DNA sequence: ATAGGTCCAGTGGTCCAACCATTGACAACG
DNA sequence: CGTTGTCAATGGTTGGACCACTGGACCTAT
């Protein structure tokens, strides 16, 4: 009797026997709904079919349909009104959450550009508001970073704390929320950048210049210093990055 | 027999008889979970109690608990692993979706700053990539705006189309997603701004300058023109804006 | 005729109880 | 000692029941 795939681990890539992945039903329903919105040419304000009808048509339980809509509502794509029905709010990017976007398609350049857009503005705002507490926490973060580096570390914790304290100092809940949502991917690029030989001290120096600019109250200078810093970080990160073989086709025009 | 509130409509504001609003259970559960994360000092990676246990403790059905977690997962705050349990991913801003944030706390300055952060960068990126199709759709949008204005309108449609075509030309899905998520509130500020006497023609002119900058390929100039344009828009919008009486206290530090 | 009230069918909101699918740990086996 | 089987715990899904809200149809008194 011939044994198939007797090798204990790391056997050659048997394409057919790759692990099959099961998605959750409410995700599938979400995709179908996205299709439906397109096919039915739904416009904002239009009403969806009933929960019961959708459940029947899609051969799933009403619970699953509801789960889909609960998510869609949280993402702001639909309005659910008790006793009335469910209505479309906006069409573009239907069903696509930022989180899923960041997980699925990790184009590093996009992440770095988005980060720059947000953080440069936050530094500018921070320079405009700059409270004593804000400055204090920034200095504390820099001290922490310096200590980490002197101890032979990369200063990752301090780096993260510094950028976060600036984000807080910006006093803009929307931008803060966006930066927080991207925290994970940003953290990855941070580690990469600081792993480059000689980077941590230079990064610390750049941080000092940013802090000085913020403390001086010059919004323009603060923005410029932050931009400069992030461009350097981006360059280093991009060195190691190479686009994945396109696993799917970009359907956008 | 004395009738209370016999006035047919628009009776004086009886504070106690304001319409009471009922929240959905899964939203309440979400808030409790946020509390719990704080009280229990949960850190990323920590495991939540079982669905069944939470349902029992909170005196709600397991279904409601699940709906909460479905949302939390979509927003990227928790990881739900079949057969294992539910785990915390990130702490900051727990349970707060951008949509809810934009609905609840409509601080116009925040919106305008966030818009500037995103659109300035998008204009810069657009100038870097600039494909023929992109330029073409921008020109079409400007033509539409001009036609609207000549017809006595405000050019709102054309304005929106112009900014959107730039966002598309930026070739950055993350920034595009963020702008789309803010589309509604941005649209409101757009209407306000263009309603100001004499605004539409001036806005059209600013758009032409932006387009020229993008077409020239100068990323820096494109960014600067967009920033200038948005600052003017912001000034106009802010004229009519006044902060609402603070209906709740900011709990953040 | 019409203003007002009542009733009711349709819709989303919640709950429950059962069962399926996956995981990890542990015991049993060779 | 490693392999295999078993099992309990956990999330995933279902169907059905009932509640709460909305809007319109219908009725009624003026």
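Residue numbers (this note's numbering), protein chains in the order written: chain E, 8 to 260; chain A, 8 to 260.
We put the CB at the ideal spot given by N, CA and C, even for glycine.
Here the structure is a predicted model, which means the values were calculated and not measured.
Neighbourhood of residue 49/A by C-beta, 6 Å cutoff - its chain only, sequence neighbours within 5 removed: 95
For residue 166/E and residue 176/E, the rounded distance between their alpha carbons: 16 Å
Per DSSP, the bridge partner or partners of residue 54/A: 94/A
For residue 67/E, three-class secondary structure by DSSP: coil
Length of the line joining the Cα atoms of residue 224/E and residue 213/E: 17 Å
Residue 232/A vs residue 206/A beta-carbon contact at 9 Å: no
Start-end ranges of the alpha helix (DSSP H) lying completely within the region 115-179 of chain A, minimum 4 residues: 115-136, 139-157, 163-176
Buried/exposed call for residue 132/E, threshold 16 Cβ in 10 Å: buried
Cβ contact check for the region 109-120 of chain E and the region 148-168 of chain E: 3 or more pairs under 8 Å: no
Closer than 9 Å to chain E by CB, residue 12/A: Reliability of the predicted coordinates at residue 12/A is poor, the pLDDT of 42 falling under 50, and the value obtained from them is presented with this limitation in mind. Not an interface residue.
Residue 238/A - partner residues in DSSP beta bridges: Answer by DSSP bridge pairing: none, since residue 238/A is not bridged.
Cα-Cα separation between residue 31/E and residue 101/A, rounded to whole angstroms: 23 Å
Under the three-state DSSP convention, the category residue 215/A falls into: helix
Identified DSSP bridge partners for residue 88/A: 92/A
Cβ pair residue 189/E, residue 125/E closer than 9 Å: yes
Enclosing alpha helix (DSSP H) for residue 43/A [first to last residue]: 32-46
Presumed contact (8 Å Cβ cut-off) between residue 92/E and residue 55/E, rounded CB distance: 7 Å
Residues in the region 98-110 of chain A having any Cβ partner in chain E nearer than 9 Å: 99, 100, 103, 104, 105, 106, 107, 108, 109, 110
is_contact[residue 165/E, chain A] using C-beta, thresh 9 Å: no
Three-state secondary structure assigned by DSSP to residue 257/E: Unreliable positioning characterises residue 257/E in this predicted model, as indicated by a pLDDT of 46, which lies under 50. A coordinate reading is not provided.
Rounded distance between the beta-carbons of residue 201/A and residue 163/A, thought under 8 Å: 6 Å
Buried or exposed (CB count within 10 angstroms, at least 16 for buried), residue 27/A: exposed
Closest by C-alpha distance to residue 75/E, when choosing among 218/E, 58/E, 150/E: 58/E
Chain-ordered neighbours of residue 128/A on chain E, where CB pairs are closer than 7 Å: 120, 123, 124
Of the residues 183/E, 51/E, 161/E, 106/E, the one placed nearest residue 108/A, counting alpha carbons only: 183/E
Interface flag, residue 74/A vs chain E, CB-CB below 9 Å: yes
As assigned by DSSP and simplified to three states, the class of residue 202/A: helix
Expected contact under 8 Å - CB spacing of residue 65/E and residue 36/E to nearest Å: 6 Å
Chain A residues whose Cβ lies nearer than 8 Å to that of residue 205/E: Here the premise fails: no neighbours, minimum Cβ distance about 29 Å.
Pick from 208/A, 34/A, 39/A, 243/A that is closest to residue 80/E, judged by C-alpha positions: 34/A
Residue-chain proximity (residue 189/A, chain E), Cβ-Cβ < 9 Å: yes
DSSP three-state assignment for residue 191/A, whether helix, strand or coil: helix
Cutoff 7 Å; reference residue 227/E; Cβ partners in own chain excluding five residues on either side: none
Chain E contact for residue 53/A (CB, 9 Å cutoff): no
Straight-line Cα distance separating residue 103/A from residue 29/E: 28 Å
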